[in-house]
Amino acid sequence: MTERDGPAEADPSRLSARALATAIRAGRWTARGVVEVLLDRVARLDGDLHAFVTVAAETARIEADRLDAAARQGRFVGPLHGVPFAVKDLIDTAGIRTTRGSMLHRDHVPTRDDPVVARLKAAGGIVLGKTNTPEFGFGALCCNQIAGNTVNPFARDRTSGGSSGGAAVAVATGMVPVSLGTDFGGSVRTPASFCDVVGLRPGPGLLPRHPKSASWETLATPGLLTRDAADAAFVLQIAAGADRRDPTTVRTPPWRPAAGLAARPRVAATLDLGIATIAHDVADAFATAVARLKTTVGLEVDFAHPDFAGAQQAFETLRAAMLHHDFMPLLETRGEAISPTVRWNVERGAGLSADALLDAEATRARIYGACVDFFERYDFLVLPAASVAPFPLDLEDVLAIDGRPLRNIVDYLTPTSAISLVGLPALSLPAGFIDGRLPFGLQIVAPPGGEAELLAFAARLEREPGFGHAFG
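For the sequence shown, the residue numbers in my numbering are 26 to 497.
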(Lines of atoms letter the chains of each structure in order from A; the text may use other names.)
(Lines give C-alpha, C1' and ligand atoms only; values in the text may rest on other atoms or scores of the structure.)
Protein backbone atom coordinates (compact mmCIF):
# COMPACT_ATOMS: atom_id res chain seq x y z
CA MET A 26 0.00 0.00 0.00
CA THR A 27 1.49 3.33 -1.04
CA GLU A 28 1.07 6.70 0.67
CA ARG A 29 -1.97 7.37 -1.51
CA ASP A 30 -3.45 3.92 -1.81
CA GLY A 31 -5.72 2.00 0.51
CA PRO A 32 -8.47 -0.58 0.54
CA ALA A 33 -11.40 0.50 -1.58
CA GLU A 34 -13.85 -0.41 1.16
CA ALA A 35 -12.15 2.04 3.51
CA ASP A 36 -12.06 5.30 1.58
CA PRO A 37 -10.85 7.83 4.20
CA SER A 38 -13.32 10.42 2.97
CA ARG A 39 -16.13 8.12 4.09
CA LEU A 40 -14.66 7.17 7.46
CA SER A 41 -15.44 8.68 10.83
CA ALA A 42 -12.69 10.23 12.92
CA ARG A 43 -12.86 7.17 15.15
CA ALA A 44 -12.44 4.77 12.24
CA LEU A 45 -9.61 6.82 10.75
CA ALA A 46 -7.76 6.83 14.07
CA THR A 47 -8.19 3.06 14.33
CA ALA A 48 -7.02 2.48 10.75
CA ILE A 49 -3.90 4.58 11.28
CA ARG A 50 -3.01 2.79 14.52
CA ALA A 51 -3.51 -0.56 12.82
CA GLY A 52 -1.21 0.43 9.96
CA ARG A 53 -3.90 0.22 7.30
CA TRP A 54 -3.38 3.90 6.53
CA THR A 55 -0.62 6.39 7.19
CA ALA A 56 -1.39 9.91 8.32
CA ARG A 57 0.21 11.19 5.12
CA GLY A 58 -1.92 8.87 3.04
CA VAL A 59 -5.10 10.12 4.67
CA VAL A 60 -4.04 13.75 4.28
CA GLU A 61 -3.34 13.24 0.57
CA VAL A 62 -6.70 11.59 -0.08
CA LEU A 63 -8.57 14.40 1.67
CA LEU A 64 -6.51 17.12 -0.04
CA ASP A 65 -7.37 15.50 -3.38
CA ARG A 66 -11.02 15.60 -2.42
CA VAL A 67 -10.82 19.28 -1.47
CA ALA A 68 -9.12 20.04 -4.79
CA ARG A 69 -11.86 18.22 -6.73
CA LEU A 70 -14.88 19.57 -4.88
CA ASP A 71 -14.12 22.92 -3.36
CA GLY A 72 -13.80 24.95 -6.52
CA ASP A 73 -17.59 24.79 -6.73
CA LEU A 74 -18.52 24.58 -3.05
CA HIS A 75 -16.26 27.24 -1.45
CA ALA A 76 -16.06 25.46 1.90
CA PHE A 77 -12.47 26.52 2.58
CA VAL A 78 -10.88 29.93 2.88
CA THR A 79 -7.38 28.50 3.33
CA VAL A 80 -6.16 24.97 2.64
CA ALA A 81 -3.10 24.29 4.81
CA ALA A 82 -1.70 21.60 2.52
CA GLU A 83 2.00 21.94 3.26
CA THR A 84 1.68 22.29 7.03
CA ALA A 85 -0.69 19.31 7.04
CA ARG A 86 1.82 17.21 5.09
CA ILE A 87 4.67 18.19 7.40
CA GLU A 88 2.64 17.29 10.48
CA ALA A 89 1.49 14.02 8.93
CA ASP A 90 5.08 13.03 8.18
CA ARG A 91 6.08 13.84 11.76
CA LEU A 92 3.26 11.69 13.12
CA ASP A 93 4.10 8.83 10.74
CA ALA A 94 7.72 8.92 11.88
CA ALA A 95 6.54 8.62 15.48
CA ALA A 96 4.23 5.75 14.56
CA ARG A 97 7.08 3.84 12.92
CA GLN A 98 8.82 3.99 16.28
CA GLY A 99 5.72 2.68 18.03
CA ARG A 100 4.67 6.07 19.42
CA PHE A 101 1.16 7.41 18.93
CA VAL A 102 0.71 10.88 20.35
CA GLY A 103 -2.98 10.65 21.21
CA PRO A 104 -6.43 9.41 20.24
CA LEU A 105 -6.58 11.60 17.10
CA HIS A 106 -3.15 10.53 15.82
CA GLY A 107 -3.13 11.41 12.12
CA VAL A 108 -6.78 12.44 11.82
CA PRO A 109 -7.32 15.65 9.80
CA PHE A 110 -9.83 18.26 10.93
CA ALA A 111 -10.92 21.70 9.76
CA VAL A 112 -11.30 24.92 11.71
CA LYS A 113 -13.80 27.72 11.15
CA ASP A 114 -11.99 30.87 10.08
CA LEU A 115 -13.08 32.81 13.15
CA ILE A 116 -10.87 30.57 15.30
CA ASP A 117 -7.14 31.23 15.70
CA THR A 118 -4.64 28.75 14.26
CA ALA A 119 -0.92 29.27 14.81
CA GLY A 120 0.91 29.74 11.53
CA ILE A 121 -2.24 29.39 9.41
CA ARG A 122 -4.10 32.41 8.06
CA THR A 123 -7.19 33.42 10.04
CA THR A 124 -9.21 36.02 8.13
CA ARG A 125 -12.42 36.11 10.18
CA GLY A 126 -14.11 36.42 6.80
CA SER A 127 -13.00 40.03 6.47
CA MET A 128 -10.76 41.75 3.93
CA LEU A 129 -9.36 43.67 6.90
CA HIS A 130 -7.78 40.42 8.13
CA ARG A 131 -7.07 38.69 4.83
CA ASP A 132 -3.34 38.42 5.63
CA HIS A 133 -3.59 37.84 9.39
CA VAL A 134 -1.59 34.85 10.67
CA PRO A 135 -1.95 34.17 14.42
CA THR A 136 1.05 33.12 16.49
CA ARG A 137 -0.86 30.84 18.84
CA ASP A 138 -3.70 28.35 18.66
CA ASP A 139 -7.16 28.67 20.14
CA PRO A 140 -7.38 26.33 23.19
CA VAL A 141 -9.62 23.77 21.46
CA VAL A 142 -7.39 23.71 18.37
CA ALA A 143 -4.36 23.21 20.61
CA ARG A 144 -6.01 20.28 22.37
CA LEU A 145 -6.95 18.52 19.16
CA LYS A 146 -3.44 19.00 17.78
CA ALA A 147 -1.91 17.72 21.01
CA ALA A 148 -4.07 14.60 20.60
CA GLY A 149 -2.59 14.02 17.14
CA GLY A 150 -5.10 15.89 14.99
CA ILE A 151 -3.93 17.64 11.82
CA VAL A 152 -5.38 20.99 10.72
CA LEU A 153 -6.28 20.58 7.04
CA GLY A 154 -7.50 24.14 6.60
CA LYS A 155 -9.79 27.00 7.58
CA THR A 156 -13.47 26.95 6.62
CA ASN A 157 -15.59 29.76 5.29
CA THR A 158 -17.66 32.16 7.38
CA PRO A 159 -19.49 35.42 6.72
CA GLU A 160 -17.58 38.51 7.81
CA PHE A 161 -16.95 38.24 11.57
CA GLY A 162 -19.62 35.54 11.66
CA PHE A 163 -22.51 37.93 10.87
CA GLY A 164 -24.90 36.81 8.17
CA ALA A 165 -27.52 34.33 7.06
CA LEU A 166 -25.35 33.38 4.07
CA CYS A 167 -21.88 31.88 4.46
CA CYS A 168 -20.36 34.45 2.14
CA ASN A 169 -17.50 36.95 2.11
CA GLN A 170 -15.22 38.80 -0.33
CA ILE A 171 -12.31 36.42 0.23
CA ALA A 172 -13.75 32.97 -0.42
CA GLY A 173 -17.14 33.66 -1.98
CA ASN A 174 -20.47 32.03 -1.18
CA THR A 175 -20.45 28.53 0.33
CA VAL A 176 -22.82 26.31 -1.65
CA ASN A 177 -25.10 23.64 -0.24
CA PRO A 178 -23.84 20.28 -1.58
CA PHE A 179 -27.38 18.84 -1.65
CA ALA A 180 -28.86 21.71 -3.66
CA ARG A 181 -26.34 23.88 -5.47
CA ASP A 182 -28.76 26.80 -5.73
CA ARG A 183 -29.17 26.96 -1.93
CA THR A 184 -27.10 28.24 0.97
CA SER A 185 -25.10 26.18 3.42
CA GLY A 186 -26.22 28.54 6.19
CA GLY A 187 -24.39 30.94 8.47
CA SER A 188 -22.10 31.17 10.02
CA SER A 189 -20.31 27.78 10.19
CA GLY A 190 -21.43 26.91 6.66
CA GLY A 191 -17.96 26.08 5.37
CA ALA A 192 -17.40 23.72 8.28
CA ALA A 193 -20.70 21.95 7.64
CA VAL A 194 -20.01 21.51 3.92
CA ALA A 195 -16.48 20.22 4.52
CA VAL A 196 -17.87 17.50 6.79
CA ALA A 197 -20.93 16.70 4.68
CA THR A 198 -18.85 16.08 1.55
CA GLY A 199 -16.11 14.02 3.18
CA MET A 200 -13.35 16.64 2.94
CA VAL A 201 -12.78 16.14 6.68
CA PRO A 202 -14.51 14.01 9.33
CA VAL A 203 -14.63 16.82 11.89
CA SER A 204 -14.81 20.61 11.81
CA LEU A 205 -14.64 23.11 14.63
CA GLY A 206 -17.28 25.82 14.51
CA THR A 207 -18.71 28.50 16.75
CA ASP A 208 -22.31 28.98 17.81
CA PHE A 209 -23.79 32.24 19.09
CA GLY A 210 -27.41 32.16 17.98
CA GLY A 211 -27.36 28.97 15.92
CA SER A 212 -24.18 29.19 13.84
CA VAL A 213 -23.37 25.49 14.24
CA ARG A 214 -26.90 24.09 14.38
CA THR A 215 -28.34 25.96 11.38
CA PRO A 216 -25.60 24.91 8.89
CA ALA A 217 -25.70 21.38 10.31
CA SER A 218 -29.43 21.27 9.62
CA PHE A 219 -28.98 22.70 6.12
CA CYS A 220 -26.14 20.29 5.23
CA ASP A 221 -27.31 17.02 6.81
CA VAL A 222 -24.61 16.69 9.48
CA VAL A 223 -24.52 16.61 13.26
CA GLY A 224 -23.92 20.02 14.82
CA LEU A 225 -23.25 20.16 18.56
CA ARG A 226 -23.44 23.30 20.66
CA PRO A 227 -22.37 22.27 24.18
CA GLY A 228 -23.33 24.31 27.19
CA PRO A 229 -21.05 27.26 28.01
CA GLY A 230 -17.85 26.42 29.84
CA LEU A 231 -17.36 22.91 28.49
CA LEU A 232 -15.13 24.00 25.60
CA PRO A 233 -12.74 26.85 26.47
CA ARG A 234 -12.42 30.10 24.53
CA HIS A 235 -9.44 32.45 24.53
CA PRO A 236 -9.13 35.28 23.93
CA LYS A 237 -12.59 36.78 24.33
CA SER A 238 -13.55 40.34 25.09
CA ALA A 239 -15.83 39.55 28.05
CA SER A 240 -14.36 36.86 30.29
CA TRP A 241 -17.65 35.59 31.70
CA GLU A 242 -19.64 35.85 28.45
CA THR A 243 -21.66 32.70 27.76
CA LEU A 244 -23.82 33.35 24.69
CA ALA A 245 -21.14 32.20 22.24
CA THR A 246 -19.39 28.85 22.45
CA PRO A 247 -17.22 26.62 20.29
CA GLY A 248 -19.07 23.76 18.63
CA LEU A 249 -18.46 20.59 16.65
CA LEU A 250 -19.66 19.39 13.25
CA THR A 251 -19.39 15.68 12.47
CA ARG A 252 -21.17 13.04 10.42
CA ASP A 253 -22.42 11.13 13.45
CA ALA A 254 -23.03 11.71 17.14
CA ALA A 255 -20.39 9.22 18.26
CA ASP A 256 -17.69 11.29 16.54
CA ALA A 257 -18.94 14.40 18.32
CA ALA A 258 -18.65 12.56 21.64
CA PHE A 259 -15.19 11.26 20.69
CA VAL A 260 -13.87 14.73 19.89
CA LEU A 261 -15.67 16.41 22.78
CA GLN A 262 -13.93 14.11 25.25
CA ILE A 263 -10.58 15.28 23.87
CA ALA A 264 -11.39 18.98 23.67
CA ALA A 265 -13.47 19.63 26.79
CA GLY A 266 -12.19 20.74 30.16
CA ALA A 267 -10.91 23.61 32.23
CA ASP A 268 -8.58 26.31 30.98
CA ARG A 269 -7.53 28.99 33.48
CA ARG A 270 -7.66 31.65 30.78
CA ASP A 271 -11.41 31.11 30.44
CA PRO A 272 -13.09 31.59 33.83
CA THR A 273 -16.31 29.95 32.66
CA THR A 274 -14.41 26.64 32.52
CA VAL A 275 -12.38 26.64 35.74
CA ARG A 276 -14.71 24.25 37.57
CA THR A 277 -15.36 22.04 34.57
CA PRO A 278 -14.51 18.40 35.41
CA PRO A 279 -13.16 16.00 32.78
CA TRP A 280 -15.99 15.13 30.39
CA ARG A 281 -16.94 11.52 29.73
CA PRO A 282 -19.52 9.96 27.40
CA ALA A 283 -22.67 8.55 28.97
CA ALA A 284 -22.37 5.04 30.39
CA GLY A 285 -25.99 4.37 29.50
CA LEU A 286 -29.33 5.90 28.65
CA ALA A 287 -32.83 5.28 29.91
CA ALA A 288 -34.65 2.72 27.79
CA ARG A 289 -37.56 5.11 27.27
CA PRO A 290 -36.38 8.70 27.62
CA ARG A 291 -39.04 11.28 28.46
CA VAL A 292 -39.33 13.45 25.35
CA ALA A 293 -41.21 16.69 24.80
CA ALA A 294 -41.73 18.34 21.43
CA THR A 295 -42.51 21.87 20.31
CA LEU A 296 -42.71 23.35 16.85
CA ASP A 297 -41.96 26.93 17.85
CA LEU A 298 -41.31 27.34 21.63
CA GLY A 299 -44.47 29.44 21.57
CA ILE A 300 -42.57 32.39 20.07
CA ALA A 301 -40.96 31.45 16.72
CA THR A 302 -42.24 31.76 13.17
CA ILE A 303 -41.75 28.46 11.33
CA ALA A 304 -42.08 27.76 7.60
CA HIS A 305 -44.82 25.36 6.54
CA ASP A 306 -42.42 22.91 4.88
CA VAL A 307 -40.27 22.82 8.02
CA ALA A 308 -43.38 22.23 10.13
CA ASP A 309 -44.29 19.28 7.90
CA ALA A 310 -40.78 17.81 8.17
CA PHE A 311 -40.87 18.24 11.94
CA ALA A 312 -44.24 16.48 12.17
CA THR A 313 -42.79 13.57 10.20
CA ALA A 314 -39.77 13.38 12.51
CA VAL A 315 -41.95 13.40 15.63
CA ALA A 316 -44.14 10.69 14.12
CA ARG A 317 -41.02 8.57 13.59
CA LEU A 318 -40.04 9.07 17.22
CA LYS A 319 -43.41 7.68 18.21
CA THR A 320 -43.93 4.88 15.70
CA THR A 321 -40.45 3.76 14.66
CA VAL A 322 -38.47 4.49 17.81
CA GLY A 323 -41.39 3.71 20.11
CA LEU A 324 -41.17 6.78 22.33
CA GLU A 325 -43.97 8.63 24.04
CA VAL A 326 -43.76 12.29 23.04
CA ASP A 327 -45.66 15.09 24.75
CA PHE A 328 -46.19 18.45 23.11
CA ALA A 329 -44.88 20.83 25.76
CA HIS A 330 -42.19 23.45 26.26
CA PRO A 331 -40.93 25.88 28.91
CA ASP A 332 -42.18 29.45 28.89
CA PHE A 333 -39.81 31.30 26.54
CA ALA A 334 -41.76 34.57 26.51
CA GLY A 335 -39.36 37.49 26.05
CA ALA A 336 -36.47 35.34 24.82
CA GLN A 337 -36.19 37.06 21.44
CA GLN A 338 -35.86 40.56 22.86
CA ALA A 339 -33.51 39.46 25.63
CA PHE A 340 -31.20 37.65 23.22
CA GLU A 341 -31.18 40.53 20.76
CA THR A 342 -30.42 43.06 23.51
CA LEU A 343 -27.52 41.11 24.98
CA ARG A 344 -26.15 40.28 21.54
CA ALA A 345 -26.40 43.89 20.37
CA ALA A 346 -24.60 45.19 23.45
CA MET A 347 -21.74 42.74 22.99
CA LEU A 348 -21.31 43.37 19.28
CA HIS A 349 -21.45 47.14 19.73
CA HIS A 350 -18.75 46.95 22.38
CA ASP A 351 -16.53 44.64 20.33
CA PHE A 352 -16.87 46.16 16.87
CA MET A 353 -17.86 49.83 17.15
CA PRO A 354 -14.22 50.99 17.31
CA LEU A 355 -13.55 49.13 14.05
CA LEU A 356 -16.69 50.60 12.49
CA GLU A 357 -15.56 54.11 13.45
CA THR A 358 -12.06 53.71 12.02
CA ARG A 359 -12.57 51.36 9.05
CA GLY A 360 -16.28 51.62 8.39
CA GLU A 361 -15.83 51.89 4.63
CA ALA A 362 -14.42 48.35 4.57
CA ILE A 363 -17.22 46.79 6.65
CA SER A 364 -20.23 45.06 5.08
CA PRO A 365 -23.75 46.48 5.58
CA THR A 366 -24.72 43.34 7.51
CA VAL A 367 -21.93 43.85 10.04
CA ARG A 368 -22.79 47.54 10.32
CA TRP A 369 -26.47 46.77 11.03
CA ASN A 370 -25.54 44.27 13.74
CA VAL A 371 -23.09 46.62 15.44
CA GLU A 372 -25.28 49.71 15.34
CA ARG A 373 -28.15 47.83 17.02
CA GLY A 374 -26.31 48.24 20.31
CA ALA A 375 -26.06 52.02 20.20
CA GLY A 376 -28.05 53.74 22.92
CA LEU A 377 -28.87 50.65 24.98
CA SER A 378 -29.39 51.58 28.61
CA ALA A 379 -28.20 49.77 31.71
CA ASP A 380 -31.85 49.09 32.55
CA ALA A 381 -32.35 47.41 29.17
CA LEU A 382 -29.39 45.12 29.80
CA LEU A 383 -30.54 44.27 33.31
CA ASP A 384 -34.06 43.60 32.06
CA ALA A 385 -32.62 41.21 29.48
CA GLU A 386 -30.61 39.41 32.14
CA ALA A 387 -33.69 39.16 34.35
CA THR A 388 -35.65 37.62 31.47
CA ARG A 389 -32.79 35.23 30.86
CA ALA A 390 -32.79 34.15 34.51
CA ARG A 391 -36.55 33.63 34.51
CA ILE A 392 -36.46 31.47 31.37
CA TYR A 393 -33.50 29.48 32.67
CA GLY A 394 -35.44 28.72 35.83
CA ALA A 395 -38.42 27.60 33.78
CA CYS A 396 -36.14 25.29 31.78
CA VAL A 397 -34.65 23.75 34.92
CA ASP A 398 -38.16 23.01 36.19
CA PHE A 399 -39.20 21.65 32.79
CA PHE A 400 -36.30 19.19 32.68
CA GLU A 401 -37.37 17.72 35.99
CA ARG A 402 -40.23 16.21 33.98
CA TYR A 403 -38.48 15.54 30.66
CA ASP A 404 -35.10 14.26 29.52
CA PHE A 405 -35.09 15.97 26.12
CA LEU A 406 -36.91 18.66 24.16
CA VAL A 407 -37.08 18.39 20.36
CA LEU A 408 -37.87 21.15 17.88
CA PRO A 409 -36.70 22.24 14.41
CA ALA A 410 -33.04 23.25 14.18
CA ALA A 411 -33.97 26.01 11.73
CA SER A 412 -37.14 27.97 11.05
CA VAL A 413 -36.69 27.67 7.29
CA ALA A 414 -35.32 25.19 4.77
CA PRO A 415 -32.04 26.02 3.01
CA PHE A 416 -32.86 29.18 1.07
CA PRO A 417 -31.55 30.58 -2.25
CA LEU A 418 -27.94 31.72 -2.48
CA ASP A 419 -28.96 35.22 -3.53
CA LEU A 420 -31.21 35.83 -0.51
CA GLU A 421 -28.99 37.86 1.81
CA ASP A 422 -31.39 37.96 4.75
CA VAL A 423 -34.50 36.10 5.88
CA LEU A 424 -37.00 38.94 6.35
CA ALA A 425 -40.24 36.96 6.00
CA ILE A 426 -41.37 33.35 6.34
CA ASP A 427 -44.23 32.15 4.15
CA GLY A 428 -45.21 35.77 3.61
CA ARG A 429 -45.20 36.58 7.32
CA PRO A 430 -42.84 39.53 8.00
CA LEU A 431 -40.19 39.11 10.68
CA ARG A 432 -39.15 41.84 13.10
CA ASN A 433 -35.50 41.94 11.94
CA ILE A 434 -32.76 39.91 10.25
CA VAL A 435 -31.96 37.75 13.30
CA ASP A 436 -35.57 36.86 14.14
CA TYR A 437 -35.47 33.73 11.95
CA LEU A 438 -32.87 32.28 14.35
CA THR A 439 -35.35 32.08 17.24
CA PRO A 440 -35.47 28.23 17.44
CA THR A 441 -31.74 28.22 18.16
CA SER A 442 -31.07 31.66 19.67
CA ALA A 443 -33.62 31.09 22.43
CA ILE A 444 -31.72 27.94 23.42
CA SER A 445 -28.43 29.85 23.30
CA LEU A 446 -29.87 32.49 25.61
CA VAL A 447 -30.17 30.01 28.48
CA GLY A 448 -27.08 27.96 27.67
CA LEU A 449 -28.70 24.56 27.23
CA PRO A 450 -26.72 21.85 25.40
CA ALA A 451 -28.24 21.20 21.98
CA LEU A 452 -27.48 19.52 18.68
CA SER A 453 -28.93 19.29 15.22
CA LEU A 454 -29.45 15.72 14.04
CA PRO A 455 -30.13 14.87 10.36
CA ALA A 456 -33.80 13.88 10.17
CA GLY A 457 -34.76 13.58 6.53
CA PHE A 458 -35.32 15.89 3.59
CA ILE A 459 -37.81 18.54 2.53
CA ASP A 460 -39.11 17.99 -1.01
CA GLY A 461 -36.65 15.13 -1.36
CA ARG A 462 -33.54 17.33 -1.61
CA LEU A 463 -33.30 19.93 1.17
CA PRO A 464 -31.92 18.57 4.45
CA PHE A 465 -33.91 18.96 7.66
CA GLY A 466 -32.31 18.88 11.10
CA LEU A 467 -34.07 17.94 14.32
CA GLN A 468 -32.79 20.03 17.22
CA ILE A 469 -32.47 18.03 20.44
CA VAL A 470 -32.07 20.00 23.67
CA ALA A 471 -30.91 18.57 26.99
CA PRO A 472 -30.88 19.96 30.55
CA PRO A 473 -27.83 21.86 31.83
CA GLY A 474 -24.83 19.54 31.94
CA GLY A 475 -26.61 16.93 29.82
CA GLU A 476 -24.19 16.73 26.87
CA ALA A 477 -23.36 13.06 27.48
CA GLU A 478 -26.98 11.97 27.52
CA LEU A 479 -27.76 14.24 24.55
CA LEU A 480 -25.09 12.58 22.41
CA ALA A 481 -26.10 9.09 23.54
CA PHE A 482 -29.73 9.79 22.61
CA ALA A 483 -28.72 11.17 19.21
CA ALA A 484 -26.57 8.09 18.58
CA ARG A 485 -29.54 5.87 19.42
CA LEU A 486 -31.77 7.75 16.97
CA GLU A 487 -29.16 7.48 14.20
CA ARG A 488 -29.68 3.72 14.22
CA GLU A 489 -33.35 4.21 13.28
CA PRO A 490 -34.74 4.78 9.76
CA GLY A 491 -35.12 8.44 8.87
CA PHE A 492 -32.36 9.75 11.12
CA GLY A 493 -28.65 10.23 10.48
CA HIS A 494 -26.34 11.53 7.76
CA ALA A 495 -27.40 10.50 4.25
CA PHE A 496 -23.91 10.03 2.80
CA GLY A 497 -23.36 6.98 5.02
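Glycine included, each C-beta is placed from N, C-alpha and C at the ideal position.
- Glycine 187 is positioned such that its CB atom lies no closer than 9 Å to that of serine 204.
- Of the residues assessed, valine 275 falls on the exposed side of the cut-off, its CB having fewer than 16 other CB atoms within 10 angstroms.
- Linking alanine 89 to valine 152 through their CA atoms gives a straight-line distance of about 10 Å.
- Burial of aspartate 256 is indicated by the presence of at least 16 other C-beta atoms within 10 angstroms of its C-beta.
- Annotated as proximal: threonine 198 and leucine 70, with beta-carbon spacing under 9 Å.
- Boundaries for lysine 155: no alpha helix (DSSP H) harbours it, while the beta strand (DSSP E) harbouring it runs 151-156, taken from the DSSP string.
- For glutamine 262, the uninterrupted alpha helix (DSSP H) run begins and ends at 254-264, by DSSP.
- Look at aspartate 436 here: in three-state DSSP terms it is helix.
- If you draw a straight line from the Cα of glycine 285 to the Cα of proline 104, it comes to about 22 Å.
- Using a C-beta cut-off of 8 Å, the region 316-329 makes no contact with the region 427-439, since fewer than three inter-stretch Cβ pairs fall below that distance.
- Annotation for lysine 319: the continuous alpha helix (DSSP H) segment containing it runs 305-320.
- Taking C-alpha positions only, aspartate 419 is separated from arginine 281 by approximately 43 Å.
- DSSP assignment within the region 403-438 yields the following whole beta strand (DSSP E) runs of 3 residues or more, N-terminal first: 405-409.
- Taking a 10 Å sphere around the C-beta of tryptophan 54, we find 16 or more other C-beta atoms and assign the residue as buried.
- Beta bridge pairing from DSSP links serine 453 with Gly224 and Gln468.
- Glycine 107 sits in coil when the DSSP states are folded into three classes, being neither helix nor strand.
- Judged by their CB atoms, threonine 184 and valine 78 are not nearer to each other than the 9 Å cut-off.
- Remark: three or more beta-carbon pairs, one from each stretch, lie closer than 8 Å, so the region 408-426 and the region 463-479 are flagged as touching.
- For phenylalanine 352, there is no enclosing beta strand (DSSP E); the enclosing alpha helix (DSSP H) covers residues 336-359.
- Excluding five sequence positions before and after alanine 165, the CB atoms of its chain that fall closer than 6 Å to its own CB belong to Gly187, Asp422 and Val423, given in chain order.
- Judged by their CB atoms, glutamate 476 and glycine 228 are nearer to each other than the 9 Å cut-off.
- Taken in chain order, the unbroken stretches of alpha helix (DSSP H) that lie wholly in the region 50-133 and span 4 residues or more are 56-74 and 82-97.
- DSSP places glycine 248 in the strand class (E or B) of the three-state scheme.
- For alanine 481, the uninterrupted alpha helix (DSSP H) segment begins and ends at 476-487.
- At a Cβ-Cβ threshold of 9 Å, glycine 150 and serine 189 do not count as neighbours.
- For isoleucine 87, the closest alpha carbon among the candidates Asp73, Gly99, Arg66 and Val59 is that of Val59.
- Taking the Cα of lysine 237 as reference, the smallest distance to any Cα among Leu115, Thr388 and Val196 is reached at Leu115.
- When the five nearest sequence neighbours on each side are left out, the beta carbons in the same chain lying within less than 8 Å of the beta carbon of threonine 207 are those of Lys113, Leu115, Ile116, Gly162, Ser188, Ser189, Val213, Ala245, Thr246, Pro247 and Gly248, in order along the chain.
- With distances taken between CA atoms, threonine 215 lies nearest to Phe416 out of Glu489, Leu479, Ala56 and Phe416.
- DSSP lists no beta-bridge partner residue for asparagine 370.
- Rounded to the nearest whole angstrom, the C-alpha separation of leucine 296 and alanine 82 is 43 Å.
- Excluding sequence positions up to five before and after aspartate 309, its CB lies less than 7 Å from no other CB in the same chain.
- Of Asp93, His235, Arg57 and Ala346, the smallest CA-CA separation from arginine 137 is found for His235.
- Residue pairing for alanine 294: DSSP places it in a beta bridge opposite Phe328 and Val407.
- As the crow flies, the alpha-carbon of arginine 66 is around 33 Å from that of glycine 266.
- When the alpha-carbon of phenylalanine 492 is set against those of Gly457, Asp139, Gly72 and Ala68, the nearest one is in Gly457.
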